[in-house]
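Chemist:
There are 2 protein chains.
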Amino acid sequence: MSAPRSNGSDFEAHDHGVCVRDALVSAEAVCAEQSLRLTPVRRRTLEILLEAHEAMGAYDVLARLDAEGLGSKPPVAYRALSFLVDAGLAHRIERLNAFVACTHPGSDHDPAFLICNSCGTVAEGEARDALAPSAVAAGFEIEQTVVEATGICPACKDV
Amino acid sequence: MSAPRSNGSDFEAHDHGVCVRDALVSAEAVCAEQSLRLTPVRRRTLEILLEAHEAMGAYDVLARLDAEGLGSKPPVAYRALSFLVDAGLAHRIERLNAFVACTHPGSDHDPAFLICNSCGTVAEGEARDALAPSAVAAGFEIEQTVVEATGICPACKDV
DNA sequence: AAAGAATATGTTATAACATAACAAGAGGCC
DNA sequence: GGCCTCTTGTTATGTTATAACATATTCTTT
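Going line by line, the protein sequences match chains A and B.
The first sequence begins at 1 in my numbering and counts up one residue at a time.
The second sequence begins at 1001 in my numbering and counts up one residue at a time.
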């Protein structure tokens, strides 16, 4: 759905301007397709997450929105972020109480995250059935999964 | 290390009194072995989590401690909970900002949780290498994992 | 274009979760 | 006893998140 990416890792170098622009185009497409309204605050919130290219707290996002006159009260940020998460354009990182732009929106997915403790970069991968076996064994019906790992990314390891 | 359990699920019926007592014995053993001090507040905090048999917020735990004269200020609860988590006697559920007693302390493990949206029960399973493949592909060195699923447990599904 | 429905925003206020920092006490060890 | 370490008590504050209600915008229907 979005431009092809070399592999599943977000740790490699890439042209960030292109990556942001691509993602916005994808987002517009996703919203158009589902009759969702990508309003100025929502769009700018997504841009902020994309530009940061790492997880941001709601209040960090809010500070940026406020600086641009787009809203100054917590609900503004939380509503925009909720919209993006619901639309699959961003994800919430439970471990960090933070949000990150989705790196491959449009496709249904069960995201897993690799969070670097050193540089803060968050890479998105696939969690495909990470805990399906336990769930099936217990007769549990999964609705949503949270799969997050913290550690050291390749770039930071090489220093 | 603890008494054997029938399988990996915590959703089945069991003698809760026995389960709590067993867990406390295990906890004492673990602490003795590692020269950790299971003080009154810490021990009671563990008991509270065990008795609840579901995830509890730090302030819920604190309310119980307070009622028993064991402490009334947030740091009391947070310190006790941190101790238990560090000792492997309890786990933090990121998704819920809550804590749950470990159902098989003593063994090193990478816990995964199945959280029932209906009754709140939290079952603990193994996450073994849930995201090792993605991590290896990306050259990421995992330190800690968070694997949590929300959904409907067998008991609630049958209603 | 007007009316009505649905969606989005602005704002106040407060709830819920968490920790920094420092003082005081309890236990182990020489 | 004197020293050290770990634990507890307390104050204060920081951080994250949402309920509730008023207003405004956009979409749909007529």
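Even for Gly, the Cβ is constructed at its ideal location relative to N, Cα and C.
Given the structure is predicted, the values throughout are model-derived calculations rather than measurements.
Write down every uninterrupted run of the beta strand (DSSP E) in the segment 22-47 of chain A whose length is 3 residues or greater and which is fully enclosed by it, in chain order.
Modeler: For the segment 22-47 of chain A, not a single whole beta strand (DSSP E) run of length 3 or above is found.
Chemist: Going along the chain, which residues of the segment 139-151 of chain A sit with their C-beta nearer than 8 Å to a C-beta in chain B?
Modeler: Answer in chain order: Gly139, Phe140, Glu141, Ile142, Glu143, Gln144, Thr145, Val146, Val147, Glu148, Ala149, Thr150 and Gly151.
Chemist: Report all residues from its chain with a CB closer than 7 Å to the CB of Val1076/B; omit the five preceding and five following residues, and keep chain order.
Modeler: Locating residue 1076/B in the second sequence gives position 76, where the first residue counts as 1. Same-chain partners within the cutoff: Val1041, Leu1062 and Leu1065.
Chemist: Would you list the one or two residues that DSSP bridges to Cys19/A?
Modeler: Locating residue 19/A in the first sequence gives position 19, counting from the first residue. None; Cys19/A has no bridge partner.
Chemist: Compare the Cα-Cα distances from Ile1152/B to each of Val136/A, Glu148/A and Ala149/A and report the closest residue.
Modeler: Residue mapping note: residue 1152/B aligns to position 152 of the second sequence, counting from 1. With distances taken between Cα atoms, Ile1152/B lies closest to Val136/A.
Chemist: For Pro74/A, is the classification buried or exposed, using 16 other Cβ atoms within 10 angstroms of its Cβ as the cut-off for buried?
Modeler: Here residue 74/A refers to the residue found at position 74 when the first sequence is read from its first residue. It counts as exposed.
Chemist: Over the uninterrupted beta strand (DSSP E) stretch that includes Pro111/A, give me the two end residues.
Modeler: Working through the first sequence from its first residue, we reach residue 111/A at position 111. Unbroken beta strand (DSSP E) run through Pro111/A: Pro111 to Cys116.
Chemist: Kindly say whether Pro4/A, judged by its beta-carbon, lies nearer than 7 Å to any beta-carbon of chain B.
Modeler: Within the first sequence, the letter at position 4 stands for residue 4/A. Its pLDDT being 41, under 50, Pro4/A is placed unreliably by the model, and the measurement read from it follows with that caveat. No, its Cβ sits nowhere closer than 7 Å to a Cβ of chain B.
Chemist: When burial is assigned at 16 or more other CB atoms within 10 Å of the CB, is Ala1058/B buried or exposed?
Modeler: By 1-based counting over the second sequence, the position of residue 1058/B is 58. Looking at its Cβ environment, which holds 16 or more other Cβ atoms inside 10 Å, Ala1058/B is buried.
Chemist: Can you tell me the Cβ-Cβ gap for Gly125/A and Ser1035/B, rounded? I've got them flagged as a contact below 8 Å.
Modeler: Along the first sequence, one-based indexing puts residue 125/A at 125. Along the second sequence, one-based indexing puts residue 1035/B at 35. At roughly 39 Å, the Cβ-Cβ gap does not stay under 8 Å, so Gly125/A and Ser1035/B are not in contact.
Chemist: Can you tell me the Cα-Cα spacing of Leu1089/B and Leu1046/B, whole angstroms?
Modeler: Here residue 1089/B is taken as the residue at index 89 of the second sequence, counted from 1. Here residue 1046/B is taken as the residue at index 46 of the second sequence, counted from 1. Computed Cα separation, rounded: 8 Å.
Chemist: Please report the distance separating the alpha-carbon of His1016/B from that of Ala149/A.
Modeler: Residue 1016/B sits at position 16 when you count from the first residue of the second sequence. Residue 149/A sits at position 149 when you count from the first residue of the first sequence. Cα to Cα, the separation comes out at about 33 Å.
Chemist: The beta strand (DSSP E) that contains Arg92/A, what's its start and end?
Modeler: Translated into positions along the first sequence, residue 92/A becomes position 92. It spans Ala90 to Ile93 - the beta strand (DSSP E) in which Arg92/A sits, taken as one unbroken run.
Chemist: Would a C-beta distance cut-off of 7 Å place Leu1114/B and Ala1123/B closer than the cut-off?
Modeler: Position 114 of the second sequence, counted from the start, is the residue given in the question as residue 1114/B. Position 123 of the second sequence, counted from the start, is the residue given in the question as residue 1123/B. Closer than 7 Å, so yes.
Chemist: Give the DSSP bridge partners of Glu997/B, in chain order.
Modeler: The displayed coordinates of chain B run from 1001 to 1159. Any statement about residue 997/B would go beyond what the structure contains.
Chemist: If you measure beta-carbon to beta-carbon, which residues of the segment 93-118 of chain A are closer than 8 Å to chain B?
Modeler: Within the segment 93-118 of chain A, the qualifying residues are Glu94, Arg95, Ala112, Leu114, Cys116 and Asn117.
Chemist: In whole angstroms, give me the CA-to-CA distance for Val147/A and Ser72/A.
Modeler: What you label residue 147/A is simply residue 147 of the first sequence in a count that begins at 1. What you label residue 72/A is simply residue 72 of the first sequence in a count that begins at 1. Between Val147/A and Ser72/A, the C-alpha separation is close to 32 Å.
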